[in-house]
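*Asks:* The sequence shown lines up with residues -21 to -1, 1 to 235 when you count with mature numbering (1 follows the signal peptide of the UniProt record, and there is no 0).
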Amino acid sequence: MVAGKFAVVVVLISLCQSVLAATLADTVKQIKPAVVGVGLVAPLATVSHQLKGTGFVIGNGKYVVTNTHVIDMQVPEDVKYQRTVFAGHGKKGQILPVQKIYRDEEHDLAILEIPTALPALPLYNENDPIPDGTDIAVTGFPIGGVLGLYPATHKGIVAAYTPNIIAAKNTSQISEQFLQRLRNPFMVYQLDVVAYPGNSGSPVYRADTKEVFAVVNKVFVKETKESAITRPSGITYAIPASHISALARKHNIPLQ
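(1) Could you name the residues of the same chain whose beta carbon sits closer than 7 Å to that of alanine 138, not counting the 5 residues immediately before and after it, in chain order?
(2) Could you say which of Ala193, Lys59 and Pro130 lies nearest to valine 26 if we only look at CA atoms?
(3) Whose C-alpha, out of Pro108, Gly123, His68 and Gly34, is nearest the C-alpha of alanine 89?
(4) Can you tell me whether DSSP reads glycine 180 as helix, strand or coil?
(5) Go ahead and label threonine 215 buried or exposed: buried means 16 or more other beta carbons lie within 10 angstroms of its beta carbon, across all protein chains shown.
(6) So, for glutamine 29: in the same chain, excluding its five sequence neighbours on each side, which residues have a beta-carbon less than 6 Å away from its beta-carbon?
(7) Return the CA-CA distance between asparagine 196 and serine 224, expressed in angstroms with no decimal places.
(8) Measure how close the beta-carbons of valine 49 and valine 15 come, nearest whole angstrom, since I'm counting them as under 8 Å.
(9) Excluding the 5 residues flanking alanine 13 on each side, which residues of the same chain have their C-beta closer than 7 Å to its C-beta?
(10) For isoleucine 109, which three-state DSSP category applies?
(11) What's the C-alpha gap between alanine 207 and arginine 228?
(12) Rounded to whole angstroms, what is the Cα-Cα separation between phenylalanine 120 and proline 176?
(13) In chain order, what residues of the same chain have a beta carbon less than 6 Å from the beta carbon of glycine 67, not counting five sequence neighbours either side?
(14) Quick check on DSSP: helix, strand or coil for valine 173?
Printed below as a string of structure tokens:
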């Protein structure tokens, strides 16, 4: 009798896992067309097309969300370049110039305006945070241009909803802004999911819906920057989508 009950439980767990996998697969198909690369085009540089991070489309299709640290890439002063959104996948891509940038430096967010409408994603607009343990996924370009314009998806869970406090490694990092963040930290999601530097700006969404509830903004690195690729920690932080909505409202950017 016990063995029979155990078998039923195993079957139910297997069915739940199959349903979740099918749901996530369907969700990813809807997510991918709205995920774009963010970088620059510098015709006279050694590498003319440079993918620096990830973004995703919102609103009427002409606005892309990413991180400010993605668009503030280091470029030699003598190199002329255009900030660019790379849309499409593989060899069927579009290069769209960034026409305007709306920034929220405090939350490491930027909304980029582009000339052509692309498929867009809805934002989670509830006040309550996504509960710990919720199945989630992240889609983006984990290793940037190394893999080309092929978005990859990683799944995980929400590990915690926690204050955005990262200890300074040395006294040179302690500034007035740093102290202000310590006094008034905002909340971020800690995710148990493998992500890489190129995932900055990637949408974070529930496995059973395409509503974006957060944006990847940093990956915890255990040792060196290089080890983020070879030995990822599996700890990722993401900014709640409520800050995207606030930035959009500030600049009258339509979200529908």
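Note that the Cβ used here is the ideal one computed from N, Cα and C, for glycine as well.
Just so it is clear, the structure is predicted and the values come from calculations on it, not from any experiment.
*Replies:* According to the structure shown:
(1) Asp111, Gln169, Leu170 and Asp171
(2) Of the listed residues, the one whose Cα sits closest to valine 26 is Lys59.
(3) Gly34
(4) coil
(5) That one is buried.
(6) Gly18 and Leu19
(7) 16 Å
(8) That belief does not hold up - the Cβ atoms of valine 49 and valine 15 are roughly 11 Å apart, past 8 Å.
(9) Phe35, Val36, Leu97, Pro98, Ala99 and Leu100
(10) coil
(11) Because alanine 207 carries a pLDDT of 40, less than 50, the predicted location of this residue cannot be relied on, and the following value inherits that uncertainty. Whole-angstrom Cα-Cα distance: 35 Å.
(12) 9 Å
(13) Gln73
(14) coil
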